Amino acid sequence: NTTTAVSTPPPKPDAVKSPPKLDHASEILNNEDLEFLQEVLGPNCSESWRLLYSTTQSGRSISLLEEGLVAEGPSVVLIKDSTGGVFGGRASTWLESRVKFYGSVDESFVFCLRGAHGQVRREYWRSTGSNENIQYLNTSLGETSMIVLGMGGQLPDYFAWGVDRNLERVTSRETVTFHNPVLGEGQLETMEVWEVSPLDRNTASQEVKRLALKKEKRAAAGGGSALKTQEAKRDMVVLEFAGHEFHSTDQ
Numbered sequence: 002n003t004t005t006a007v008s009t010p011p012p013k014p015d016a017v018k019s020p021p022k023l024d025h026a027s028e029i030l031n032n033e034d035l036e037f038l039q040e041v042l043g044p045n046c047s048e049s050w051r052l053l054y055s056t057t058q059s060g061r062s063i064s065l066l067e068e069g070l071v072a073e074g075p076s077v078v079l080i081k082d083s084t085g086g087v088f089g090g091r092a093s094t095w096l097e098s099r100v101k102f103y104g105s106v107d108e109s110f111v112f113c114l115r116g117a118h119g120q121v122r123r124e125y126w127r128s129t130g131s132n133e134n135i136q137y138l139n140t141s142l143g144e145t146s147m148i149v150l151g152m153g154g155q156l157p158d159y160f161a162w163g164v165d166r167n168l169e170r171v172t173s174r175e176t177v178t179f180h181n182p183v184l185g186e187g188q189l190e191t192m193e194v195w196e197v198s199p200l201d202r203n204t205a206s207q208e209v210k211r212l213a214l215k216k217e218k219r220a221a222a223g224g225g226s227a228l229k230t231q232e233a234k235r236d237m238v239v240l241e242f243a244g245h246e247f248h249s250t251d252q
């Protein structure tokens, strides 16, 4: 029975730490959730978390999803489904869209914060080392898999959790990657991705350094981050309604 691999958080340290500070309000996390994830992440948890992508802030756009995730620090993906379930996973730095799994076997895990109907269920499952199918991001058109983002399991559509290409549905299966139970399934109500520790350029691979530099040049040229781009467009709409005129807009 794969559900027997459920782990519980390590004992709390004597010194009580404050939960991480978020740079945006979360529609999913409460303080108890933050404290739980902080314990599981351990020393790999920063005191401040940065929102890389959310369906609320950036819309259901796979291009903005990829732009937000790629070449940033380790992150936590949070999914809330239509039944009230909340689950996700901790992933290492996301790379550009590709057809194969990758990721850190030693540091990755999937978790559940709430089951169906919002019932509290704070558990997590670390990688078993059975395979290296840790994390998956593929925004390319024409792929046989219906999943654009996921963790664990195997292709084409068998994931510990996986989000479809429209960012509208989420599926979950038991996997040998994490020995996890089904985490939740149905309509995707909200998704958030938080950077839980900054990208370490000293230890990053050459590919990650290249992607980070590419992203910085794009931002310097006016592209900005996925969140900043969406926020700027939303602010522009507000200003246009207020009577301000703009001669060009970013399409």
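Throughout, my numbering is defined as the position within the sequence shown, counted from one, plus 1. Here a beta-carbon is modelled for each residue, glycine too, at the ideal position from N, C-alpha and C. Given the structure is predicted, the values throughout are model-derived calculations rather than measurements.
- Annotated as proximal: Leu189 and Val164, with beta-carbon spacing under 8 angstroms.
- The beta strand (DSSP E) runs lying completely inside the region 126-185 and spanning 3 residues or more are 136-138, 148-152, 162-165 and 170-172, given in chain order.
- Looking only at Val149, Tyr125 and Gly153, the smallest Cα-Cα distance to Asn134 is reached by Gly153.
- Contact between the region 24-31 and the region 52-61 is present: three or more C-beta pairs spanning the two stretches fall below 8 angstroms.
- Sequence-distant Cβ neighbours of Met192 in its own chain, meaning closer than 6 angstroms and more than five residues away, are Thr56 and Ile80.
- Within the model, the alpha-carbon separation for Phe160 versus Ser47 is close to 28 angstroms.
- The distance from the Cβ of Leu96 to that of Leu212 is about 7 angstroms, consistent with a contact at the 8 angstroms cut-off.
- With contacts defined by Cβ atoms closer than 8 angstroms, Ala117 and Thr84 form a contacting pair.
- Beta-bridge partners assigned by DSSP to Asp82: Leu189.
- Contiguous beta strand (DSSP E) elements confined to the region 30-72 occur at 49-55, taking only those with 3 or more residues.
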